[in-house]
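Student:
2 protein chains.
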Amino acid sequence: MKKRLGKQLTFVKPIRGYGVAKVLDSSHPEFKEGDLVWGLTKWEEYSLLPNPENLIKIHHTDVPLSYYTGILGMAGKTAYAGFFEVCRPKKGEYVFVSAASGAVGQLVGQFAKLAGCYVVGSAGSKEKVDLLKSKIGFDEAFNYKEEHDLDAALKRYFPQGIDVYFEHVGGKLLDAVLLNMREHGRMAMCGMISQYNLPEPQGIKNVMQIVLKRLHIHGFTHRDYDHIVPEYYEFVLPYIRQGKLEYVEDIVEGLENGPAALVGLFTGRNVGKQVVALAGH
Amino acid sequence: MKKRLGKQLTFVKPIRGYGVAKVLDSSHPEFKEGDLVWGLTKWEEYSLLPNPENLIKIHHTDVPLSYYTGILGMAGKTAYAGFFEVCRPKKGEYVFVSAASGAVGQLVGQFAKLAGCYVVGSAGSKEKVDLLKSKIGFDEAFNYKEEHDLDAALKRYFPQGIDVYFEHVGGKLLDAVLLNMREHGRMAMCGMISQYNLPEPQGIKNVMQIVLKRLHIHGFTHRDYDHIVPEYYEFVLPYIRQGKLEYVEDIVEGLENGPAALVGLFTGRNVGKQVVALAGH
Chain A
1 MKKRLGKQLT FVKPIRGYGV AKVLDSSHPE FKEGDLVWGL TKWEEYSLLP NPENLIKIHH
61 TDVPLSYYTG ILGMAGKTAY AGFFEVCRPK KGEYVFVSAA SGAVGQLVGQ FAKLAGCYVV
121 GSAGSKEKVD LLKSKIGFDE AFNYKEEHDL DAALKRYFPQ GIDVYFEHVG GKLLDAVLLN
181 MREHGRMAMC GMISQYNLPE PQGIKNVMQI VLKRLHIHGF THRDYDHIVP EYYEFVLPYI
241 RQGKLEYVED IVEGLENGPA ALVGLFTGRN VGKQVVALAG H
Chain B
282 MKKRLGKQLT FVKPIRGYGV AKVLDSSHPE FKEGDLVWGL TKWEEYSLLP NPENLIKIHH
342 TDVPLSYYTG ILGMAGKTAY AGFFEVCRPK KGEYVFVSAA SGAVGQLVGQ FAKLAGCYVV
402 GSAGSKEKVD LLKSKIGFDE AFNYKEEHDL DAALKRYFPQ GIDVYFEHVG GKLLDAVLLN
462 MREHGRMAMC GMISQYNLPE PQGIKNVMQI VLKRLHIHGF THRDYDHIVP EYYEFVLPYI
522 RQGKLEYVED IVEGLENGPA ALVGLFTGRN VGKQVVALAG H
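Protein chains in written order, with the working numbering: chain A, 1 to 281; chain B, 282 to 562.
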C-alpha cells in the first residue's frame, strides 16, 4: 500500500474499475449483443471480460447510465449497506459523514435525512461545503481544512455527541470522532483515504473510547452485500425518478484524462462522484 | 484517567468494588438479616449500602463464596457475555486472549475450549504461562514480556490468523493483533490495562486492518448484560460442581493489604483473580 501512487504508473495491464459497458459479443447465455452491463470493467475502450457472471445487467435506462458507476453501482450499494445494515440508524440520531460530498458520502447524508436523522458532513473546500448544505441537504457541513481543532469542531456541530459515523478518511479525524461518539455509537468503516499514501499510518490515540462508550465498529465492503442490490434498487429508483435524491457527478471526457482524475481523488480535486466517460452517454 | 494512580490515594470515601457481604440489617423487602449478597460494595468492614436493589442475593453456597467476586460475579458475567454474545464464536475458530490468567481471561480461555475453539493466551510471567497451559487448559500460551516482536509471536501461534480476540490490554499488543486478524474477525474490548496509567495513550497504527479485513470491534461492559446472569448461572454452575472449570484466585487477607493488591494489578503481581478477604470465607 505504501506510496502506491508515488511511483510512475506503468500500464502493463489496464487498470480495473467499476464501469458501464455495452456488450458487443458474448457466449454467456445471460448476455447478448447490445445489452448494457455494470461491474468491474477495465480502463480501455474495448475490453475482453472473461468473468461476465460478475457483471450486472442494466434493466432501467430511464436514468443516466453514469449512475450505474455511482448511485446505482458500487457507491450506492456501499452507502445503503453501510448506513442501513451496518449502522442501523434510529430516527432522531446524530450522524456524521466524512468525505461527505464524495460518491458514497453524499448518498449517506441523504439516506440519513430519509431515516429522520440529523446529519453533518465534512469536506475539503467551500464549494463542497456549500453543495452539501444546499443541493444535497445536509443539516450542516464544515471544511475540515479550516478547522485547527477537529475535536472542537465536532463538539460545535454535535454538542450531544455522534451516534453514527460513516468513515472514509481515518487519521486525525477518526481520532477526534472517537472522542465525540455517544454511548453505543456505531461506526461504519469503508475507507481511510487520508492514510493510503502515507509511508506509515498515523496512530489513533483514542481507542480507549471504544471500551468506555461501548462502541460498535464494523469494517465492511460492498462486496459482502451483493444480495442487497434488488432491495436497494426497489428503495432508491423511486426516489431518483421523483427527483427526491440528488447525485452529484464530476465527469471528465476521454480515457486520456483518467489518470489525472484518479490522482485528483487523493487531493480532493473532484466534486461529487468522479466519472471518466469513454463513449457517448 | 491520567495518572489516576500516580497521586497518593486519599480515603475520603471508601473505594467501591465488587464484593460479597452478609446482611446485618435491611429495610428492603428482598433482603433480611443473614442473607448473603454480591455486587458493588465498599472497601470497609461494615457498610451502609443505600441501593440494595443493585445487589444480587446468593442462593448457591455449595461453591466458595469468593467465587461471587469472580467466576460467579462481574468477571464471569464479563467473560460469558463478551465471548458468547459479543464474539459469537464458531467451532474450530482461532481465539486469542490477552491478560489470559486474570479474572476474566482464564474464563474466556476455558469457554473457548468448551466451544470447540483453539485458544492461545498471553500473560506476563513464566508462572502464569505454565498455569495457562497446565491447569487452565489453553492450547498454547506465551509471555509477552519475552517477545521483542509481538507480530512475529502472534504469527507463530496463529499461522492461519485470529478469528476472535478478547482484549484487556491495548497498546502495542492491540496493534500486533490487528495485523493478525482474519477476515470477518471479531474483537471484544473490555479493557486496556496497559494504557490506564500512561500520561498519553499509545497510538494504534493498524486501524486500516478494520477496513481491509471487515473486522467487527465491540466495546462492552458487563453492566449491559445483567439480564444474562440467570442463563449464565445455568451454564456455569454444573461445570463448577463437576470440577470441569478451574478458577484461580489470588487471595490476600485483611483490608490493610487491599491497596498493595490493587496497585499490584497494574504490574501484574497477582496470579489469577485478585481477592481481598475481610472476614472468614
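For glycine and all other residues, C-beta sits at the position ideal for the given N, C-alpha and C.
Could you list the residues in the segment 476 to 492 of chain B with a C-beta less than 9 Å from some C-beta on chain A, going in chain order?
Tutor: 476, 477, 481, 482, 483, 484, 485, 486, 487, 488, 489, 490, 491 and 492
Student: Have a look at the DSSP bridge pairing and note the partners of residue 121(A).
Tutor: As a working note, residue 121(A) is residue 121 in the first sequence. Residue 121(A) pairs with 97(A) and 141(A).
Student: Looking at residue 378(B): is its Cβ nearer than 7 Å to the Cβ of residue 367(B)?
Tutor: Along the second sequence, one-based indexing puts residue 378(B) at 97. Along the second sequence, one-based indexing puts residue 367(B) at 86. Going by C-beta atoms, residue 378(B) is not nearer than 7 Å to residue 367(B).
Student: Extract the residue ranges of the beta strand (DSSP E) inside the segment 18 to 54 of chain A, only unbroken runs of 3 or more that lie entirely within it.
Tutor: 36 to 42
Student: Buried or exposed: which applies to residue 263(A), given that a residue is buried once 16 or more other Cβ atoms fall within 10 Å of its Cβ?
Tutor: Here the question's residue 263(A) lines up with position 263 in the first sequence. The residue is exposed, with fewer than 16 neighbouring Cβ atoms inside 10 Å.
Student: Using a C-beta cutoff of 7 Å, does residue 501(B) count as contacting chain A?
Tutor: Taking the first residue of the second sequence as 1, we reach residue 501(B) at position 220. Judged by the 7 Å Cβ criterion, residue 501(B) is in contact with chain A.
Student: Using C-beta distances below 8 Å, list every residue in its chain close to residue 61(A), excluding the 5 sequence neighbours before and after it, in chain order.
Tutor: Position 61 of the first sequence, counted from the first residue, corresponds to residue 61(A). Taking residue 61(A) as the centre and dropping the five residues before and after it, the same chain places the C-beta of 36 closer than 8 Å to its C-beta, in chain order.
Student: Just to confirm the assignment, what range does the alpha helix (DSSP H) spanning residue 491(B) have?
Tutor: Within the second sequence, the letter at position 210 stands for residue 491(B). Start and end: 489 to 493.
Student: Assuming residue 207(A) contacts residue 451(B) under a Cβ cut-off of 8 Å, what Cβ separation, rounded to an integer in Å, is found between them?
Tutor: Your numbering for residue 207(A) matches position 207 in the first sequence. Your numbering for residue 451(B) matches position 170 in the second sequence. Correct: roughly 7 Å between the Cβ atoms.
Student: With a Cβ-Cβ cutoff of 7 Å, do residue 74(A) and residue 222(A) count as a contact?
Tutor: Residue mapping note: residue 74(A) aligns to position 74 of the first sequence, counting from 1. Residue mapping note: residue 222(A) aligns to position 222 of the first sequence, counting from 1. A contact, by the Cβ cut-off of 7 Å.
Student: Please tell me whether residue 417(B) has its Cβ less than 7 Å away from any Cβ of chain A.
Tutor: Numbered from 1 along the second sequence, position 136 holds the residue referred to as residue 417(B). No, residue 417(B) does not count as interfacial toward chain A.
Student: Roughly how far, in whole angstroms, is the beta-carbon of residue 213(A) from the beta-carbon of residue 500(B), given that I think they are within contact range, below 8 Å?
Tutor: The sequence position of residue 213(A) within the first sequence is 213, counting from 1. The sequence position of residue 500(B) within the second sequence is 219, counting from 1. Contact between residue 213(A) and residue 500(B) holds, since their C-beta atoms are separated by about 6 Å, short of 8 Å.
Student: What residues in its chain sit with their C-beta under 8 Å from that of residue 556(B), if we drop five residues either side in the sequence?
Tutor: Within the second sequence, residue 556(B) is the residue found at index 275, counting from 1. Excluding residues within five positions, the ones whose Cβ falls inside 8 Å are 347, 350, 351, 530, 531, 532 and 533.
Student: Using the Cα positions of residue 508(B) and residue 528(B), report the straight-line distance between them to the nearest angstrom.
Tutor: Here the question's residue 508(B) lines up with position 227 in the second sequence. Here the question's residue 528(B) lines up with position 247 in the second sequence. Using only the alpha carbons, I get a separation of about 23 Å.
Student: According to the Cβ coordinates, are residue 140(A) and residue 157(A) closer than 7 Å?
Tutor: Taking the first sequence and counting its residues from 1, the one referred to as residue 140(A) is at position 140. Taking the first sequence and counting its residues from 1, the one referred to as residue 157(A) is at position 157. A contact, by the Cβ cut-off of 7 Å.
Student: By alpha-carbon positions, which one of 454(B), 396(B) and 319(B) ends up nearest to residue 423(B)?
Tutor: For the purposes of this step, residue 423(B) is identified with residue 142 of the second sequence, where counting begins at 1. Selected option, being the one with the closest Cα: 454(B).
Student: Let's see if you can read the secondary structure: which residues bound the beta strand (DSSP E) around residue 558(B)?
Tutor: The residue given as residue 558(B) occupies position 277 in the second sequence. Per DSSP, residue 558(B) belongs to the beta strand (DSSP E) from 554 to 558.
Student: Could you check if residue 354(A) is buried or exposed, using at least 16 other CB atoms within 10 Å of its CB as the buried criterion?
Tutor: Since the first residue of chain A shown is 1 and the last is 281, residue 354(A) is not available in this structure.
Student: Under a CB-based cut-off of 7 Å, is residue 216(A) close to chain B?
Tutor: Locating residue 216(A) in the first sequence gives position 216, counting from the first residue. True, the Cβ-Cβ gap to chain B drops below 7 Å.
Student: Suppose the cutoff is 7 Å on Cβ atoms and the five residues either side in sequence are ignored; what does the same chain contact list for residue 409(B) look like?
Tutor: What you label residue 409(B) is simply residue 128 of the second sequence in a count that begins at 1. Excluding residues within five positions, the ones whose Cβ falls inside 7 Å are 382 and 552.
Student: Please report the straight-line C-alpha distance between residue 78(A) and residue 536(B), rounded to a whole angstrom.
Tutor: Against the first sequence, residue 78(A) aligns to sequence position 78. Against the second sequence, residue 536(B) aligns to sequence position 255. Between residue 78(A) and residue 536(B), the C-alpha separation is close to 56 Å.
Student: Could you confirm whether any beta carbon from chain B is found closer than 7 Å to the beta carbon of residue 189(A)?
Tutor: For the purposes of this step, residue 189(A) is taken as the residue at position 189 of the first sequence. Yes, residue 189(A) counts as interfacial toward chain B.
Student: I need the straight-line Cα distance from residue 205(A) to residue 456(B), nearest angstrom please.
Tutor: Counted from its first residue, the first sequence places residue 205(A) at position 205. Counted from its first residue, the second sequence places residue 456(B) at position 175. Straight-line Cα distance between these residues: approximately 12 Å.
Student: At the level of alpha carbons, what is the spacing between residue 3(A) and residue 198(A)?
Tutor: Position 3 of the first sequence, counting from 1, holds the residue named residue 3(A). Position 198 of the first sequence, counting from 1, holds the residue named residue 198(A). Because the pLDDT of residue 3(A) is 47, which lies under 50, any placement of that residue in the model is unreliable, and the question is left without a value.
Student: State the CB to CB distance for the pair residue 112(A) and residue 95(A), rounded to an integer number of angstroms; the pair is presumed to be in contact (CB under 8 Å).
Tutor: Counted from its first residue, the first sequence places residue 112(A) at position 112. Counted from its first residue, the first sequence places residue 95(A) at position 95. Confirmed, Cβ separation roughly 4 Å.
Student: At least one CB of chain A closer than 7 Å to the CB of residue 473(B): is that the case?
Tutor: Stepping through the second sequence from its first residue, residue 473(B) is reached at position 192. Chain A, which has a Cβ nearer than 7 Å to the Cβ of residue 473(B), makes this yes.
Student: Leaving out the 5 sequence neighbours to the left and right, which residues in its chain are closer than 8 Å to residue 44(A) when beta-carbon positions are compared?
Tutor: Counted from its first residue, the first sequence places residue 44(A) at position 44. Here the set comprises 14 and 255.
Student: Given this structure, state the Cα-to-Cα distance separating residue 257(A) from residue 29(A), to the nearest angstrom.
Tutor: Translated into the one-based positions of the first sequence, residue 257(A) becomes position 257. Translated into the one-based positions of the first sequence, residue 29(A) becomes position 29. Straight-line Cα distance between these residues: approximately 35 Å.
Student: Who are residue 165(A)'s beta bridge partners in DSSP?
Tutor: Within the first sequence, the letter at position 165 stands for residue 165(A). In the DSSP output, where bridge partners are listed per residue, residue 165(A) has 96(A) and 187(A).
Student: Name the DSSP beta bridge partners of residue 338(B), please?
Tutor: Taking the first residue of the second sequence as position 1, residue 338(B) is located at position 57. Answer by DSSP bridge pairing, in chain order: 318(B).
Student: Which same chain residues, not among the five before or five after residue 313(B), have their C-beta less than 8 Å away from its C-beta?
Tutor: The sequence position of residue 313(B) within the second sequence is 32, counting from 1. Cβ neighbours of residue 313(B) beyond the five flanking positions: 304 and 307.
Student: May I ask which residues mark the beginning and end of the alpha helix (DSSP H) holding residue 521(B)?
Tutor: As a position in the second sequence, residue 521(B) is number 240, starting the count at 1. Judged by DSSP secondary structure, residue 521(B) falls within the alpha helix (DSSP H) whose first and last residues are 510 to 522.
Student: Measure the C-alpha to C-alpha separation of residue 404(B) and residue 201(A) and round it to an integer number of angstroms.
Tutor: As a working note, residue 404(B) is residue 123 in the second sequence. As a working note, residue 201(A) is residue 201 in the first sequence. Looking at the two C-alpha atoms, the distance is approximately 28 Å.
Student: Can you tell me which residues form a DSSP beta bridge with residue 462(B)?
Tutor: Along the second sequence, one-based indexing puts residue 462(B) at 181. The partner list for residue 462(B) (beta bridge, DSSP) reads 443(B).
Student: Going by beta-carbon coordinates alone, are residue 498(B) and residue 240(A) separated by less than 7 Å?
Tutor: Taking the first residue of the second sequence as 1, we reach residue 498(B) at position 217. Taking the first residue of the first sequence as 1, we reach residue 240(A) at position 240. No, these two residues do not count as a Cβ contact at 7 Å.
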